[in-house]
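Residue numbers (our numbering): 1274 to 1578. Think of the CB as a built atom: it goes at the ideal place given N, C-alpha and C, for glycine as much as any other residue. Contents: one structure, followed by commentary.
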């Protein structure tokens, strides 16, 4: 029963925060405040009624159009709300299924709550960055850089808090922090190297492209995004995210080549710009959900296990 309630609550919270994310994604590129004014139609500028702001349901009732001017609202709004809802529900379902007991150490119980909130924020951030890059080819530093810091801190604390239940249970509280400090330096070094390597991969590709074409092929925002993925997921899953992103990007490029274009240019293929950050974010979500299982299955298939 608790698992069902936790999943339902997380899903509803995901709808609410997905709706708020849509406001941010609409106003951030325009340099507008996300606080005021109230939500309005971008075409006729009419302030929306309260029932027109119900996540997902309002879009379905209005059939994706403004009830005054019939302007198309767009698929992005329901898709962002639905994606946030589903991913947050997955977080609620996962963490509510963990064995909770009063026998758990105090720091570990606190860490479970922090881990759940952190995971939900990570998905919210990836969805936002994916849309911003898809619509504006923009990965703002004030999202990726704090994302790196938050992910780095949580990744250092989570293994020490969440995976040492048996050890910590046997320790008095005054020794718990002493035990954790011995692990933090090692974890910090590992994650810092992972972030540098992940960002370095993008910078290396960027440099090679510059030497060959004498123009930028990948933005610095993608390097910061890779560092953020490594901070949250570790190097192996960040590399897996990169691989998934490249595959999705290649599929999108082939699709663009297959679709006839009415715009004739001298070099349409080289001039085309694809949002690599969007594909990396999708890869990051997949890696977070199933990356460890897929990597383990591949290593077993390849004979490493």
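For residue i versus residue j, is the C-beta spacing smaller than 8 Å?
| i | j | result |
| --- | --- | --- |
| residue 1294 | residue 1400 | yes |
| residue 1279 | residue 1369 | yes |
| residue 1504 | residue 1394 | no |
| residue 1491 | residue 1475 | yes |
| residue 1291 | residue 1339 | no |
| residue 1329 | residue 1288 | yes |
| residue 1547 | residue 1526 | yes |
| residue 1361 | residue 1284 | yes |
| residue 1466 | residue 1429 | no |
| residue 1391 | residue 1427 | yes |
| residue 1407 | residue 1551 | yes |
| residue 1327 | residue 1337 | no |
| residue 1477 | residue 1560 | no |
Tell me which same chain residues have a C-beta within less than 7 Å of the C-beta of residue i, skipping the five on either side of it?
| i | result |
| --- | --- |
| residue 1509 | 1568 |
| residue 1350 | 1295, 1332 |
| residue 1549 | 1491, 1495, 1518, 1522 |
| residue 1282 | 1365 |
| residue 1461 | 1429 |
Spatial neighbours of residue i within its chain, please: CB distance less than 8 Å, with the 5 preceding and 5 following residues excluded, ordered by chain position.
| i | result |
| --- | --- |
| residue 1342 | 1314, 1316, 1317, 1319 |
| residue 1300 | 1306, 1307 |
| residue 1464 | 1425, 1428, 1429, 1503, 1504, 1507 |
| residue 1409 | 1302 |
| residue 1413 | 1301, 1405, 1494 |
Among residues of its own chain, excluding the 5 on either side of residue i, which ones have a beta-carbon nearer than 6 Å to its beta-carbon?
| i | result |
| --- | --- |
| residue 1557 | 1399, 1502, 1514 |
| residue 1564 | 1510, 1513 |
| residue 1420 | 1398, 1501 |
| residue 1482 | 1490 |
| residue 1356 | 1400 |
| residue 1312 | 1321, 1326 |
| residue 1479 | 1491 |
On the three-state DSSP scale, how would you describe residue i?
| i | result |
| --- | --- |
| residue 1417 | helix |
| residue 1340 | coil |
| residue 1332 | helix |
| residue 1397 | helix |
| residue 1574 | helix |
| residue 1411 | coil |
| residue 1348 | coil |
| residue 1313 | strand |
| residue 1278 | helix |
Taking the alpha carbon of residue i as the point to measure from, which residue in the options has its own alpha carbon closest?
| i | options | result |
| --- | --- | --- |
| residue 1416 | 1285, 1499, 1527 | 1499 |
| residue 1496 | 1345, 1411, 1304 | 1411 |
| residue 1298 | 1335, 1363, 1403 | 1403 |
| residue 1302 | 1405, 1506, 1570, 1473 | 1405 |
| residue 1286 | 1324, 1396, 1336, 1305 | 1396 |
Quick check: does the Cβ of residue i come within less than 7 Å of any heavy atom belonging to the ligand HEM?
| i | result |
| --- | --- |
| residue 1321 | Ligands are entirely absent from the displayed structure, and the ligand HEM is therefore not among its contents. |
Let me know the beta strand (DSSP E) ranges lying completely inside the segment 1454–1538, each 3 residues or longer, listed in chain order.
none
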